[in-house]
Amino acid sequence: MEELPRLYTELAEWWNLLSPPSHYAEEAEDLLSMLLPAVDPPPRTLLELGCGGGSLAFHLKGRLKLTLTDVSPQMLAVCRANNPECEHIAGDMRTLELGREFDLVLIHDAIMYAADPASVRAAIRTAYRHLRAGGAAAILPDFVKETFEPTTSTGGEDGPDGRGLRYLEWIWDPCPTDDTYEAAYAFLLRERDGTVRAESDRHRLGLFSRAAWLRWLEEAGFSAASRRDPWGREVFIARKL
Ligand SMILES: C[S@@+](CC[C@H](N)C(=O)[O-])C[C@H]1O[C@@H](n2cnc3c(N)ncnc32)[C@H](O)[C@@H]1O
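Note that the numbering used here has the sequence shown beginning at 170, numbered continuously upward.
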């Protein structure tokens, strides 16, 4: 993996104005409807790798005991503020070693930062190591090769403290024959005193075929299948036998 994007370091304090918990309620319900019946006896604990600001976790914590991990201390601080009742641990999804097992492991929209096969396979092995026998991992890359579409989107929120953010996100694949795509961001950031500044950021993300994903999951020891969620995202559900 490369150096972390600015969004997850010096701009992390703006996360809740870009992608706050309120944006994740429906997605969390869909995930829970898949995850809760996936494990027998019913799951109680969940480890998230790459929890970001904990916007998704915010909607899972009422149903599961969460351990939230991320490689960025700045994002972990945002997550802690959004989810003070949860356990937080700094760590890289490729190498994390907690010496504990969970009923569920989740890697949501963080797995694309594994932009080469070795990083994806290392993250899958981390998930496997941290699951009890009979547990399940859910891995949700934003795209697999078969579902990739160039997109442009805009958004942003106003905070109660007078700060505001608006963004333009531009996603494209400069080289369809390799295993990556790009996302570029323009941010307008309004401070409490009303001053506005512009910032930009560029992310390089991994893009692999569905078959490669399933092969890597099986190779790690999982029994895996995939489905599309209502938003067109590929969801890999992998069971540790
Ligand atoms: C889009 S954000 C996740 C947002 C999250 N789903 C939420 O609900 O707020 C992606 C996160 O992946 C994290 N990340 C990137 N590479 C990582 C790695 N190697 N190990 C752990 N986390 C990583 C980034 O620091 C960032 O916080």
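All residues carry an ideal CB built from backbone N, CA and C; glycine is no exception.
1) Give the C-beta separation of F317 and D348 to the nearest angstrom, bearing in mind that I take them to be a contact with Cβ-Cβ under 8 Å.
2) According to the neighbour-count rule (16 or more other Cβ atoms, all chains shown, within 10 Å of its Cβ), is L186 buried or exposed?
3) Does any heavy atom of ligand 1 sit closer than 7 Å to the C-beta of M244?
4) Does the contact criterion of 3 or more C-beta pairs under 8 Å hold for the stretch 314-328 versus the stretch 279-295?
5) Under DSSP, the alpha helix (DSSP H) around T316 begins and ends at which residues?
6) Helix, strand or coil: which one does DSSP assign to Y350?
7) Should P253 be labelled buried (16 or more other beta-carbon atoms within 10 Å of its own) or exposed?
8) My parser needs the alpha helix (DSSP H) runs of 4 or more residues fully inside the stretch 200-236; what are they?
9) Work out the CA separation of A367 and G303 for me, nearest whole Å.
10) Count the other CB atoms within 10 Å of the CB of P211; is the residue buried (16 or more) or exposed (fewer)?
11) Run the CB neighbour count on A394, radius 10 Å, all protein chains shown included, and call it buried at 16 or more, exposed below.
12) With DSSP as the reference, label V289 as helix, strand or coil.
13) Does DSSP put S392 in a helix, in a strand, or in coil?
14) Go ahead and pull the three-state DSSP assignment for H192.
15) Starting from W341, trace the beta strand (DSSP E) both ways and give me its first and last residue.
16) In terms of residues, what are the limits of the alpha helix (DSSP H) holding A246?
Result, derived from the coordinates:
1) Residue numbering aside, residue 317 sits at position 148 when the sequence shown is read from its first letter. Residue numbering aside, residue 348 sits at position 179 when the sequence shown is read from its first letter. Contact between F317 and D348 is absent: CB atoms are separated by about 11 Å, not below the 8 Å threshold.
2) The sequence position of residue 186 within the sequence shown is 17, counting from 1. Its Cβ being crowded by 16 or more others within 10 Å, L186 is buried.
3) Here the question's residue 244 lines up with position 75 in the sequence shown. Yes; taking the cut-off as 7 Å, the Cβ of M244 has a heavy atom of ligand 1 nearer than that.
4) Segments in contact, no.
5) The residue given as residue 316 occupies position 147 in the sequence shown. Looking at the DSSP string, T316 is not in any alpha helix (DSSP H), and its letter there is neither H nor E.
6) Position 181 of the sequence shown holds residue 350. For Y350, the three-state secondary structure derived from DSSP is strand.
7) Here residue 253 corresponds to residue number 84 of the sequence shown, with the count starting at 1. That one is exposed.
8) Entirely contained in the stretch 200-236, the alpha helix (DSSP H) runs reaching 4 residues are, in chain order, 226-229.
9) In the sequence shown, counting from the first residue as 1, residue 303 sits at position 134. In the sequence shown, counting from the first residue as 1, residue 367 sits at position 198. Rounded to whole angstroms, the gap between the alpha carbons of G303 and A367 is 48 Å.
10) Against the sequence shown, residue 211 aligns to sequence position 42. Exposed.
11) Your numbering for residue 394 matches position 225 in the sequence shown. Classification of A394: exposed, given that the 10 Å Cβ count is below 16.
12) What you label residue 289 is simply residue 120 of the sequence shown in a count that begins at 1. Residue state, collapsed to three classes: helix.
13) Mapped onto the sequence shown, residue 392 falls at position 223. Secondary structure at S392: strand, using DSSP grouped into helix, strand and coil.
14) One-based indexing of the sequence shown puts residue 192 at position 23. DSSP, reduced to helix, strand and coil, places H192 within a helical segment of the structure shown.
15) Position 172 of the sequence shown, counting from 1, holds the residue named residue 341. In the DSSP assignment, W341 falls within the beta strand (DSSP E) that extends over 333-341.
16) As a position in the sequence shown, residue 246 is number 77, starting the count at 1. Element bounds for A246: 242-251.
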